[in-house]
Amino acid sequence: MSSLSTIGQLERPLRVVAIGGGTGLSTLLRGLKRYVPVQDRRRRPRTDAPNEQRAQSSDLISELAAVVTVTDDGGSSGRLREDLKILPPGDIRNCMVALSEDEYMLSKLFKYRFDQGELQGHSFGNLFLAALCHITGDFAKAVQTSSHILAIRGRIFPATMENVTLAAEMQNGTIVRGETNITHSEDTILELRLEPPEVDPLPETLEAIANADLITLGPGSLYTSLITNLLVRGIPEAIAESRATRVFVCNLMTQANESLGLTASQHIEKILKHAGGVSKDLFDYALINTAPISPSTLAQYAREGQEPIINDLERVRQLGVEPITGKFLHEGEVLRHDYDLVAKTLLELCLARVRSAQPA
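Position 269 of the sequence shown, counting from 1, maps to 365 under my numbering, and the rest follow consecutively.
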C-alpha cells in the first residue's frame, strides 16, 4: 500500500464518500476527518503522529461527504419526526459531532437530554436541527446551514428527502413496519423495503459518488443503517458505475434481530440482494477484522446473544471482493472499530489505486 505521506505526489487531494448510519458511520468519520483541513486551514496536528505525516496528512482529503440513513422512528428523533413532520435528525446529529473540531464539547451539548417538562427526552442537538429546519424551510438546507455554523470538516447528505418508512418481510411471513419494530422483532428478516418504494436521493449525493476516489459502506447495523441507503433509487447504481475504490467495512460482531449467524460473505450477499438489481461490482474490497477479541468482551456480548462475525475469506473472494484483514478493533467499555487505523487503511488502499492510474 502507499504511504499516507505521498500526498505531494498526487495531482489533487482525495474525495471520499462514507455511507451508513448509527454509531458505525460516526465512528468512521472520526478517523477520516483528521485528513481534512479545517476551514481556516490552521488545524493543530496530532502530537502522536510522525512529523512528516503531521505536515501532510491533514490535506489528504479535499472533500468528505457522509450519506446518512433517515428511517429512525424511535426516541427523540421519532417524536420530532411525528410532531414536526421533519426527517429524523439523530444520525445526522451524530455525524455533525463526529466531524466537528471541538468534538468533546459539541458532543456534550448535542447529546444533552432534557429531563423534565414538555422537552423531556429530547436532545439539544435534535432540537437545534429541528429549529434550523423551520428557519430554512428545508431539512437539507438546515443540515448544510448547521454544518457551516459548526465549521465541520465535511458535508452531510440525508439519503433521501422523502418521509420513508421501513418495512421488513420476516421469515414467518409477517410484515413488520417501522425501524424500531423491526429492530425489536425476534424473527429473521428476509427482505427490506421502503414505503413508498420509489424515492430519490439528493442530486448532490449522486454527484459526490460520481466524483469520489473512495466510497465506503459500513460499519453499522446491516439492515437499518446500511441496506436502507441502498434502497434509495440511484444510489446503488451510482456506486456500481463509480471508478472509485469501493470498500465494505464489515462489522465486528453479529447483531440481534439483524445479522445473527451471518458470516462476512453473507453480509455482502444480503447487501447485493437489496442493491436495486446491481448484483455484482459494488465493492472492490472488504475490510475485515481478524484479530481475536478478549474473553471478557466476548462474554459481555454473548449475554446479548452476539458473537464475532465468522470471516469466511475465501467465500468473500468468490463474490469478487478482496478481503483486507488485520486488527481493526478497539476494546473499551464497548467494542468499536479502531477508527484511526481503519481510516489509515482505507486511504492507503485508495492512494495505491489512484497513484497506479497516474501517468509515470
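Beta carbons are placed, not taken as given, at the ideal position from N, Cα and C, and that holds for glycine.
- Close CB contacts of Asp436 within its chain, under the 7 Å cut and outside five residues either way in sequence, are with Gly127 (chain order).
- Per DSSP, the unbroken beta strand (DSSP E) holding Phe253 starts and ends at 251-254.
- When secondary structure is reduced to three states using DSSP, Tyr200 falls in the helix class.
- When rounded, the separation of the alpha-carbon atoms in Gly373 and Ser361 is 18 Å.
- For Asn385, DSSP records a beta bridge to Gly422.
- Fewer than three beta-carbon pairs drawn from the region 243-253 and the region 269-278 are found closer than 8 Å, and the two stretches are therefore not classed as touching.
- For Gly116, the uninterrupted beta strand (DSSP E) segment begins and ends at 110-116.
- In this structure, Thr167 lies near Val260, with their beta-carbon atoms less than 8 Å apart.
- Ile335 and Arg189 have their C-alpha atoms roughly 25 Å apart.
- If you draw a straight line from the Cα of Asn307 to the Cα of Gly217, it is about 40 Å long.
- Note on Tyr208: under 16 other CB atoms within 10 angstroms of its CB, so exposed under the neighbour-count rule.
- Contact annotation: the region 422-435 touches the region 385-397, with at least three C-beta pairs closer than 8 Å.
- At the C-beta level, Asp283 and Val112 stay beyond 8 Å of one another.
- Taking C-beta separations shorter than 6 Å and ignoring five residues to either side along the sequence, the partners of Glu291 in its chain run Thr261, Ala263, following chain order.
- Looking at the DSSP output, Arg449 bridges to nothing.
- Annotation: Val438 to Gly174 spans about 31 Å, alpha carbon to alpha carbon.
- In terms of CA proximity to Phe210, Ser172 leads the group Ser172, Leu202, Asp198, Cys191.
- Pairing Glu107 with Leu223, the inter-Cα distance amounts to about 42 Å.
- Taking Pro299 as reference, the option from His280, Leu443, Gly314, Met257 with the minimal CA-CA separation is Met257.
- Between Leu225 and the set Gly118, Lys237, Thr441, the nearest pair of CA atoms involves Lys237.
- Ranked by Cα distance from Asp187, the options Glu178, Ile157, Val239, His230 are led by Val239.
- DSSP places Thr241 inside the alpha helix (DSSP H), whose first and last residues are 235-246.
- Boundaries of the beta strand (DSSP E) harbouring Arg342: 341-345, taken from the DSSP string.
- If you compare the alpha carbons of Met266, His230, Glu418 with that of Leu445, the shortest gap goes to Glu418.
- In the DSSP annotation of this structure, the continuous segment of the alpha helix (DSSP H) that includes Thr301 starts and ends at 299-307.
- If you compare the alpha carbons of Leu318, Glu333, Asn325, Glu337 with that of Leu358, the shortest gap goes to Leu318.
- Distance from the CA atom of Glu197 to the CA atom of Lys204, rounded to whole angstroms, is 13 Å.
- For Ile271, the enclosing beta strand (DSSP E) begins and ends at 271-273.
- In the structure shown, the three-state DSSP call for Pro391 is helix.
- The beta-carbon distance between Ile323 and His370, rounded to whole angstroms, is 5 Å. This is short enough to meet the 8 Å contact definition.
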